[in-house]
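>
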Amino acid sequence: MAEPCIEVKNLEKYFTVGKGKLHAVDGVSFKIEKGKTMGVVGESGCGKSTLGRTIIHQHEPTGGQIFFNGKDVTKVKGRALRDLREHMQIVFQDPYSSLNPRYTVEATIREPLLLSHRYSKGELADEVTRLMQLCGIDERLRLAYPHELDGGRRQRVGIARALALHPDFVVCDEPVSALDVSIQAQVLNLLMDLQEQENLTYMFVTHDLSVVRHISHDICVMYLGQLVETSPSKELFERPMHPYTKALLSAIPTTDIHAPYQRIQLKGEITSPINPKPGCRFAARCPYAVDRCREPQELHEMSPNHFVACCRVEELN
Ligand SMILES: Nc1ncnc2c1ncn2[C@@H]1O[C@H](COP(=O)(O)OP(=O)(O)OP(=O)(O)O)[C@@H](O)[C@H]1O
Ligand code: SF4
Ligand SMILES: [Mg+2]
9 MAEPCIEVKN LEKYFTVGKG KLHAVDGVSF KIEKGKTMGV VGESGCGKST
59 LGRTIIHQHE PTGGQIFFNG KDVTKVKGRA LRDLREHMQI VFQDPYSSLN
109 PRYTVEATIR EPLLLSHRYS KGELADEVTR LMQLCGIDER LRLAYPHELD
159 GGRRQRVGIA RALALHPDFV VCDEPVSALD VSIQAQVLNL LMDLQEQENL
209 TYMFVTHDLS VVRHISHDIC VMYLGQLVET SPSKELFERP MHPYTKALLS
259 AIPTTDIHAP YQRIQLKGEI TSPINPKPGC RFAARCPYAV DRCREPQELH
309 EMSPNHFVAC CRVEELN
């Protein structure tokens with residue numbers, strides 16, 4: 009594997025809720041190679057956004073380590089943290105709520121440039137022009153306000169702003185989920201073109217598996233704060249192995265009448281993420297659960313780079 013841009017080892021982020029600890033991210037390890045995209049999928053509340061925000065230092069991790077370009081940055085503070093944050097950016101699901109309604113397109117994109125104190129007034133205007141062109145934003149929208157733009161253009165502004173300071177790593181947190189289907193493909197194509205041009209590394213969070221398939225080189229499947237399966241993207245769709253991944257994939261509508269996924273309906277209560285028991289967190293909904301599923305489940309490599317955390321994986325596949 010080429011040098012990873014991002015590596016996390018045993019990353020944990022717990023929130024204190026009343027007297028308990030909510031295990032939003034619980035012992036997650038993976039690497040993302042430079043210039044590649046890691047898709048992160050799983051149901052609402054499984055910890056996808058918390059994972060992304062912890063990696064880019066918007067949350068302080070409870071435990072574990074974060075490496076950026078080979079350097080341990082888990083505990084950086086002060087000036088080093090400010091520098092690091094420039095290299096790690098986030099694009100949000102809903103650009104309408106993440107953009108300041110009182111800022112024009114120009115002011116929105118200019119803000120991070122201004123705060124970096126690296127550009128003269130003339131350079132600032134040129135940089136804004138460059139970023140608008142890079143992200144396909146028409147020059148005549150320079151003085152428009154967010155409410156005057158459609159969702160796709162607003163998201164282009166959010167992307168331009170995120171790329172202003174030449175980051176290496178971008179967390180894309182459901183960046184097309186709020187957009188019309190017709191616009192989704194345009195924004196996804198833009199993100200893929202930008203990845204190539206700017207050599208960006210992405211963590212792409214989504215609950216929409218058809219989107220993640222299109223854009224990701226590798227995929228992590230999360231369930232209640234933990235990775236249950238991780239694999240190169242193509243392999244995951246061809247040979248999902250964890251019972252949860254199979255259920256997730258079975259929910260994708262397919263037009264292939266020769267290979268329809270059998271839809272698997274999950275029954276049973278979702279386990280609480282507050283002070284969870286040590287065993288498999290999927291057990292309450294898993295049709296194959298047996299006594300030994302109460303033991304902690306670790307990821308095992310089933311084929312090259314394809315890891316699964318399920319003690320019954322061999323007999324079930
Ligand atoms: N600031 C916080 N304080 C307490 N609990 C939090 C906080 N942020 C997230 N959580 C909890 O952590 C868990 C993971 O939340 P997170 O937002 O990361 O999930 P998600 O996978 O991004 O979900 P969605 O698909 O709905 O965006 C949830 O149980 C959530 O309620
Ligand atoms: S460990 Fe047990 S409960 Fe968990 S997914 Fe595997 S079979 Fe199901
Ligand atoms: Mg989220």
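Here the sequence shown is numbered in the numbering used here, starting from 9 and rising by one per residue.
Cβ coordinates follow ideal geometry from the N, Cα and C atoms, glycine included.
Alpha carbons only, please: which of 38, 27, 123 and 89 is nearest the one belonging to residue 172?
By one-based count along the sequence shown, residue 172 stands at place 164. Of the listed residues, the one whose Cα sits closest to residue 172 is 123.
> In angstroms, rounded to a whole number, what distance separates the CA positions of residue 300 and residue 51?
Numbered from its first residue, the sequence shown carries residue 300 at position 292. Numbered from its first residue, the sequence shown carries residue 51 at position 43. Whole-angstrom Cα-Cα distance: 25 Å.
> Can you look up residue 51 in the DSSP assignment and give me helix, strand or coil?
Within the sequence shown, numbered from 1, the residue matching residue 51 stands at position 43. In the structure shown, residue 51 sits in coil (DSSP, three-state: anything other than H, G, I, E or B).
> List the residues that DSSP assigns as beta-bridge partners of residue 24.
Walking along the sequence shown from the start, residue 24 turns up at place 16. 29, per the DSSP bridge assignment.
> Can you check which of these residues, 38, 107 and 119, is closest to residue 6 by C-alpha distance?
Not covered by the structure: residue 6. The range shown for the chain is 9 to 325.
> Nearer than 6 Å: is that true of the beta carbon of residue 238 relative to any heavy atom of ligand 1?
What you label residue 238 is simply residue 230 of the sequence shown in a count that begins at 1. No, ligand 1 has no heavy atom inside 6 Å of this Cβ.
> How far does the beta strand (DSSP E) with residue 214 in it extend, from its first residue to its last?
Indexing the sequence shown from 1 puts residue 214 at position 206. Start and end: 209 to 214.
> Round the Cβ separation of residue 103 and residue 165 to the nearest angstrom and send it over; I've been treating them as touching at under 8 Å.
As a first step, residue 103 is located in the sequence shown; it is residue number 95 there, counting from the start. As a first step, residue 165 is located in the sequence shown; it is residue number 157 there, counting from the start. Contact holds; Cβ gap of about 7 Å.
> For residue 309, collect the residues of the same chain with a Cβ closer than 6 Å to its Cβ; drop the 5 residues on either side in sequence, then sort them by chain order.
Position 301 of the sequence shown, counted from the first residue, corresponds to residue 309. Answer for residue 309: 315, listed in chain order.
> Does the Cβ of residue 57 lie closer than 6 Å to at least one heavy atom of ligand 3?
Start at 1 with the first residue of the sequence shown, and residue 57 comes out as number 49. Yes, ligand 3 has a heavy atom inside 6 Å of this Cβ.
> Return yes when at least one heavy atom of ligand 1 lies under 6 Å from the C-beta of residue 53, else no.
Residue numbering aside, residue 53 sits at position 45 when the sequence shown is read from its first letter. Indeed, a heavy atom of ligand 1 lies less than 6 Å from the Cβ.
> On the DSSP bridge list, what partners appear for residue 182?
Taking the sequence shown and counting its residues from 1, one reaches residue 182 at position 174. BP columns for residue 182 are empty, so no partner.
> Quick one: give me the first and last residue of the beta strand (DSSP E) that residue 202 is part of.
In the sequence shown, the residue the question calls residue 202 occupies position 194. Where residue 202 is concerned, there is no enclosing beta strand (DSSP E), although the alpha helix (DSSP H) it sits in stretches over 189 to 206.
> What three-state label does DSSP hand residue 290 in the structure shown?
One-based indexing of the sequence shown puts residue 290 at position 282. Coil at residue 290, not helix or strand.
> Does at least one heavy atom of ligand 1 sit under 6 Å from the Cβ of residue 186?
For the purposes of this step, residue 186 is taken as residue 178 along the sequence shown, with counting starting at 1. Residue 186: no, Cβ never under 6 Å from ligand 1.
> List the whole-angstrom C-beta distance separating residue 223 from residue 199, where the pair is believed to meet the contact cut-off of C-beta under 8 Å.
As a working note, residue 223 is residue 215 in the sequence shown. As a working note, residue 199 is residue 191 in the sequence shown. Yes, they are in contact, since the Cβ atoms of residue 223 and residue 199 sit about 7 Å apart, within 8 Å.
> With respect to the beta strand (DSSP E) encompassing residue 236, which residues constitute its N-terminal and C-terminal limits?
As a first step, residue 236 is located in the sequence shown; it is residue number 228 there, counting from the start. Run containing residue 236: 234 to 240, per the beta strand (DSSP E) assignment.
> Who are the Cβ neighbours of residue 202 in its own chain at under 8 Å, not counting the five residues just before and after it?
As a first step, residue 202 must be located in the sequence shown, where it is residue number 194. So the qualifying residues of the chain are 142, 143, 167, 171 and 208.
> Please determine whether the Cβ atom of residue 30 lies at a distance below 6 Å from any heavy atom of ligand 1.
As a first step, residue 30 is located in the sequence shown; it is residue number 22 there, counting from the start. For ligand 1, at least one heavy atom lies less than 6 Å from the Cβ of residue 30.
> Return the chain-ordered list of same chain residues with a C-beta closer than 7 Å to the C-beta of residue 139, the five sequence neighbours on each side being excluded.
Taking the sequence shown and counting its residues from 1, the one referred to as residue 139 is at position 131. Result list for residue 139: 117, 168, 171 and 172, in chain order.
> Does at least one heavy atom of ligand 5 sit under 6 Å from the Cβ of residue 281?
The ligand content of the structure shown is limited to ligand 1, ligand 2 and ligand 3, which means ligand 5 is not among them.
> Kindly indicate the opening and closing residues of the beta strand (DSSP E) around residue 314.
Against the sequence shown, residue 314 aligns to sequence position 306. From DSSP, the beta strand (DSSP E) with residue 314 extends over 314 to 316.
> Contact between the segment 174 to 183 and the segment 126 to 137 is defined here as three or more beta-carbon pairs at a separation below 8 Å; is this criterion met?
No, they do not touch.
> Would the beta-carbon of residue 88 fall within 7 Å of that of residue 55?
Stepping through the sequence shown from its first residue, residue 88 is reached at position 80. Stepping through the sequence shown from its first residue, residue 55 is reached at position 47. Going by C-beta atoms, residue 88 is not nearer than 7 Å to residue 55.
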